[in-house]
Structure formats: structure tokens, C-alpha cells
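Heads up, the thing below is written out as C-alpha cells.
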Amino acid sequence: MDTSTKSPTNPLALAHGNRGEHPDIHFSNGRILTMDGPAPEYVESLVIRGGRIVFAGATEQATKRFPAAKGRDLAGAALLPGFIDAHSHFQATFDLAGKANVGPPPMGGCANIEAVVAALDQHRRRRGIDAGEWLVGYGYDQEALTEKRHITAADLDAHFPDQLVMLVHVSSHGVVLNSAALAWAGIDATTPTPAGGVIARVPGSQEPAGLLMETAYMELVASKLPTPAAQEKLALMDAAQQAYASRGYTHAQDGFASVADLQLYQDAGAAGLLYLDIAALGSFAEAGQWLENPDFPTGSYHNGFKIAGLKILQDGSPQGRTAFMSQPYLTGGLDGRPDWCGEPMMPFQTFAAIIQNCLNHGVQVHAHVNGDAAIDQLIQALELAGTTAADDARTVAIHSQFQRPDHLPDYLRLGITPSYFTNHTFFWGDVHRANVGEAKASFISPLKSAMDSGLIVSNHSDFPVTAVDPLFMMVTAMTRNSRTGHTLGPAERVNAYQALAALTTGPAYQIFEENRKGALKVGMLADLVMLDADPLTVGAAHLQDIKVLETIKEGVAIFRCSN
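According to my numbering, the sequence shown holds residues 108 to 670 in order.
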């Protein structure tokens, strides 16, 4: 970050003052895990000065070289590099406060349609939502409902005929609307389904049933929805950052940012409101407004914010059966179509041209590709562009879930680095087995094979799809157990150190910051997280019992556990 200083009780003070005023700090008497190298390495002492690490080694040497350093007794706690958010949607923290949580356990409490309706009704009463106003739920997941079907407009109309009701799908790639909301959006029996989208219809008619996915949602609904004013978001910036800092993150990502969002972060940085590093991926849909605009420089931090690259989507979600596959889903399409493979979000020529334009301008590409057919198109686009690993463009394949084994050599050859999503093995592992079969489902987010092949990988939460919880991400990477306890692809399980690397050194490399973040060694930023136990020694069953004691950004505490 470009600015500094803060007190442990006031994170916003990080944006003011002179780092040089901070005394040297000498951490010792704990489990100081450096994450520097292919195997675990611990040091006795770590010394920081002016926001950077100046020593990592033996306590005797640290004491001799830095006799004036302020001692910090870890009392057996673990000290690690701060977690790096490989992919999430930071701004979702601004939006959830005004919505009802209709997610299933453990994200929420709605295991059936009745519970979803009850959560909406409770939210309506608590907020005093009147007729004609929006009543919105988030985290909706039809696969986790006991009814094993999508909620329909008719279901919602029976309880909320007067409000504009919208259930946001857990994938964030679709919604269910009631009739009032469908009318608001202008969607009826005559509305054509956009290419790359799904409008579920009432059986035997063309009337919309309520479900809209992918481009149908984005073009017909999302583009028209009211959004919070910039001043409202700025007021929530501290709470949003604390949601990440309290989990040990020192770096967060906004994984799909509009031009207005980019401006918001610039304004927040200029106002001294940022104490996390925030990296945004600019929307491909608005690239013409920011990609070559000097007002939106890419690749470097300004007041704690940088535009890290461009986000482009070429398919949807596998749990929503909108990921673009080379073979049909065994369970058909959401709208009843047989032999359904999903669809690309845009024609290949358009997809390839956007990628080529980014490469021409030196802007990193972050491509959302879930299905193997979408991954094929990313590979083909990079081949068409003539780029290879030697160019060091580090194209990030976001999710890269239904990757095939034959894709791994292509990733190495072309310099593609995957950001996986192992939480899927728990939340939707059983769904994937039904949708694509055991063999394909077992290779979802193949961390072990990718690492063994020589790829540098990361793991992410995709918040708000799953919680901002790095320790749970370690659990899913290490166990790959589904909700029902089925181990999905045991050969792809990784050990604790590998799982931790996917939260630290891996994402640092993916954003060209491996020389600044992700490891504890001399010259790196003093971005640290202190835990009450060592995640390499407790075992997967107890990882979620670990507490974040303190999160430190460039030498200054930005979160401390109240206990």
C-alpha cells in the first residue's frame, strides 16, 4: 500500500501518517511459518520495520542485530503470511445487509421451500417492506432443498403477491422472480431467451416460470436493478474490510467490477478508507471505458487499490447446469432440454478478440471457465493469440473446475494458472455426481494433479457463493468430502502445506506479487496473520476450531480478536 499508520483499535488510521514512526517489532516464541519453499520451514524470530520484513531466522541473531526492537511474545501462537483472496466479490459485503439469507446450512438455515418463505417473510416484517418494494433473498440453492426443485413464481406469488420478490441463486448467475418482478422486468411469454441464457417456462406453455440464468438474468434483470449509491458503499467500506481482515486476509479481490466500482475504490483510497489491499478485475462489458483510459491505470497500487486485470466470463456454474461442457449433463437442462451441454456466454470469435485486446495492452486476463468446453475455448483463444508461458502473461483460469487431465499440459505450455474452488466438493459434490457422473466429478478442482504437474495454483471462496473462510477452504482441499460424507476424488486431496500455499504463495504469484506477499522473508511486506494454533499440525478435523487472533497489514494491526 502507498499509505500507512494505524492503531490496533482504529483500522482507518492505517491510511495516515509515516511508517517510519513505527518501532521495529521482534516476534518470537511461536510457530513462525514462512511459506518460503516447497516444504514447511519455521524460524524462531521475525523482525519487521517500516511495514516490511527485515529479518527471519534465529532469535539470538535477531536480538544482536535489532537490540532496540520492541519484543512481541507470540506465547506459542502461529504467525503466517496474511491470506490472499484469490477470487471473491468484495462488494457483495455492501449488498447483503439489505437482503434475507435464504441459503441452506451451513451458510443459512433454509433446508426447504417453507423455510425460504419464512425467511423472506421475517425479513419483510423486520424491514417493513411494503407493496411494490423489493424483497430480496440471497444464497438460494435449489439443490440443497428437500424438494429438489426450483422455487417458482407461483410459489412466491402465494405468499408475496404485492412485493417484487427476487431470490438470488447461490452461484450469483441467476435469480427466481415472482410474477410482480417478472412484470417489472418486462418478461412474459413473448420474451425470447437470450443466447447463453435460460428462461425456465411453465410446462406446456411459454409463460416464464420464474427462473432466469446467465445472460437472461444479466441482460433482462441485473442491468436494470437499482444499486446502492456510492456514498452508501463508502460508509460500509470499513465493515466490508473487517469481514475479510477478521478471517486473516490482508488482500481482497473484487472479481467483477464496473467502471462505477473502479471509481468507488479510487475514491475510497483517496479518502484514506482502505487498509486492506484491494485488487479489482474490470468488467469485460465495460472495457471500452477503462482499458485504455488513463484515469484507470492498471497493474499498480494507488492508495491501496489496483486494477489487477480484466474479468471475462465464457460460461456459467456447474451446480446451475450452465457450465459449458463437451458432453451433455446426465440430468438435462434447467428448462427441460435433453442433451444439454450448457452454452458459451458469447461467440468464440468475440471471446478470443477480447482476450487478444487485453494481451495487446498488457492487461492480465482472468477468465471464468467452469466447464471443459469453456476451458477448451480459453486454450484455443490463447493459441490464436500466439502467447506462451514464456510471455509470462499469467492468464488466470477462474474456477477451472471441470478441467480434463489433458488440459494440464496446455496450461503449462500457455502459461495459464488455475484458481480452483474446492468448496464445491462439499456444497455440491453430490450434485455434480448426479449431473456428470462419478468419474468427471472426481476430477473437479484437481489441486493435486495440477501441483504435481508443476502448475502454481490458488484456491478461492467466490464469496458470496461460499463464505470468506480460508480455514474451511483448507478443509475442502484436504478432504474433498461432500455434504453426505462422500469423498470426491480422493487422489486430488492435498496436504495442509499445499492447501495453505493455495491461499498465500499461489495467489500472490497469480497477481504478480510473489516478491511482495505470500511468504515471510526479508524484503516482503509485513502482511501477517496470527492464529491460536498451527494449521499444519491440528489436522483437517480441527482446522475450523482455529481462531484468528490478529491480522497485520504492513506492520500494523488491522484486526484483533476481542477475546
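Backbone N, C-alpha and C fix where the C-beta goes; we use that ideal spot for every residue, glycine too.
Could you give the C-beta distance for residue i and residue j, rounded to a whole number, given that I count them as a contact under 8 Å?
{"i": "Ala606", "j": "Met585", "result": "5 Å"}
{"i": "Asp248", "j": "Pro211", "result": "5 Å"}
{"i": "Val161", "j": "Val663", "result": "About 16 Å separates the two Cβ atoms, so there is no contact after all."}
{"i": "Ala352", "j": "Thr658", "result": "5 Å"}
{"i": "Ser195", "j": "Gln348", "result": "About 13 Å separates the two Cβ atoms, so there is no contact after all."}
{"i": "Asn219", "j": "Tyr245", "result": "Contact flag wrong, Cβ pair sits at about 17 Å."}
{"i": "Thr495", "j": "Leu515", "result": "At roughly 16 Å, the Cβ-Cβ gap does not stay under 8 Å, so Thr495 and Leu515 are not in contact."}
{"i": "Val470", "j": "Leu398", "result": "6 Å"}
{"i": "Leu388", "j": "Ala415", "result": "6 Å"}
{"i": "Met580", "j": "Ser589", "result": "Incorrect: roughly 16 Å between the Cβ atoms, too far for contact."}
Would you mind sorting residue i into buried or exposed? The rule is 16 or more other CB atoms within 10 Å of its CB.
{"i": "Lys340", "result": "buried"}
{"i": "Thr141", "result": "buried"}
{"i": "Leu506", "result": "Looking at the sequence shown, residue 506 is not Leu but His. Buried is the call here."}
{"i": "Cys448", "result": "buried"}
{"i": "Thr112", "result": "Low per-residue confidence applies at Thr112: pLDDT is 33, beneath 50, and the placement is therefore not dependable, though the value from the model is reported in the following sentence. Flag for Thr112 reads buried."}
{"i": "Ala122", "result": "With a pLDDT of only 44 at Ala122, under 50, the local geometry of the prediction cannot be trusted, and no value is derived from it."}
{"i": "Pro401", "result": "exposed"}
{"i": "Ala265", "result": "exposed"}
{"i": "Asp295", "result": "exposed"}
{"i": "Cys668", "result": "exposed"}
{"i": "Leu417", "result": "buried"}
{"i": "Thr405", "result": "buried"}
{"i": "Asn125", "result": "Residue placement at Asn125 cannot be trusted, given a pLDDT of 41 that sits under 50; the coordinates are not used to answer."}
{"i": "Asp109", "result": "Note on Asp109: pLDDT 33, under 50, position unreliable in the model; no value is reported."}
{"i": "Ala546", "result": "exposed"}
{"i": "Arg156", "result": "buried"}
{"i": "Ser526", "result": "buried"}
What's the C-alpha gap between residue i and residue j?
{"i": "Pro614", "j": "Gln373", "result": "23 Å"}
{"i": "Leu332", "j": "Tyr616", "result": "36 Å"}
{"i": "Asp499", "j": "Thr524", "result": "10 Å"}
{"i": "Gly189", "j": "Gln651", "result": "17 Å"}
{"i": "Arg231", "j": "Ala492", "result": "51 Å"}
{"i": "Thr502", "j": "Ala557", "result": "15 Å"}
{"i": "Ser560", "j": "Asp517", "result": "11 Å"}
{"i": "Lys413", "j": "Phe267", "result": "43 Å"}
{"i": "Trp241", "j": "Leu627", "result": "48 Å"}
{"i": "Val564", "j": "Leu554", "result": "7 Å"}
{"i": "Leu595", "j": "His129", "result": "49 Å"}
{"i": "Leu227", "j": "His539", "result": "28 Å"}
{"i": "Phe534", "j": "Ser278", "result": "11 Å"}
{"i": "Leu519", "j": "Phe509", "result": "17 Å"}
{"i": "Leu369", "j": "Arg256", "result": "38 Å"}
{"i": "Ala238", "j": "Asn285", "result": "13 Å"}
{"i": "Ala222", "j": "Met214", "result": "14 Å"}
{"i": "Met452", "j": "Glu321", "result": "8 Å"}
{"i": "Ala603", "j": "Gly427", "result": "30 Å"}
{"i": "Val582", "j": "Thr529", "result": "9 Å"}
{"i": "Ile551", "j": "Pro577", "result": "19 Å"}
{"i": "Thr116", "j": "Ser135", "result": "Low confidence applies here, because Thr116 scores a pLDDT of 45, under 50, leaving its location unreliable; read the following figure in that light. If I take the Cα positions, the gap works out to 23 Å."}
So what does DSSP say about residue i, is it helix, strand or coil?
{"i": "Asp384", "result": "strand"}
{"i": "Asn588", "result": "strand"}
{"i": "Ala296", "result": "coil"}
{"i": "Phe579", "result": "helix"}
{"i": "Glu151", "result": "strand"}
{"i": "Arg138", "result": "strand"}
{"i": "Ser565", "result": "strand"}
{"i": "Lys113", "result": "Because Lys113 sits at a pLDDT of 35, beneath the cut-off of 50, its placement in the model cannot be relied upon, and the following sentence gives the value as read from the coordinates. Of the three classes helix, strand and coil, the one that applies to Lys113 here is coil, per DSSP."}
{"i": "Arg444", "result": "coil"}
{"i": "Ser424", "result": "coil"}
{"i": "Pro614", "result": "helix"}
{"i": "Trp241", "result": "strand"}
{"i": "His539", "result": "helix"}
{"i": "His123", "result": "Confidence in His123 is poor, its pLDDT being 42 and thus under 50, which makes the residue's placement unreliable; the coordinate value appears in the next sentence. Coil at His123, not helix or strand."}
{"i": "Pro335", "result": "coil"}
{"i": "His409", "result": "strand"}
{"i": "Arg511", "result": "coil"}
{"i": "Met108", "result": "Any reading at Met108 needs caution, since the residue's pLDDT is 32, under 50, leaving its predicted position unreliable; the model's value is listed next. Coil."}
{"i": "Met637", "result": "strand"}
{"i": "Glu657", "result": "strand"}
{"i": "Val366", "result": "helix"}
Inside the stretch 426-490 only - alpha helix (DSSP H) runs reaching at least 4 residues: 455-467
Those runs of the alpha helix (DSSP H) which lie wholly inside the stretch 213-290 and span at least 4 residues: Complete alpha helix (DSSP H) runs here, min 4: 220-234, 260-264.
Those runs of the alpha helix (DSSP H) which lie wholly inside the stretch 142-216 and span at least 4 residues: You should have 166-172, 199-202.
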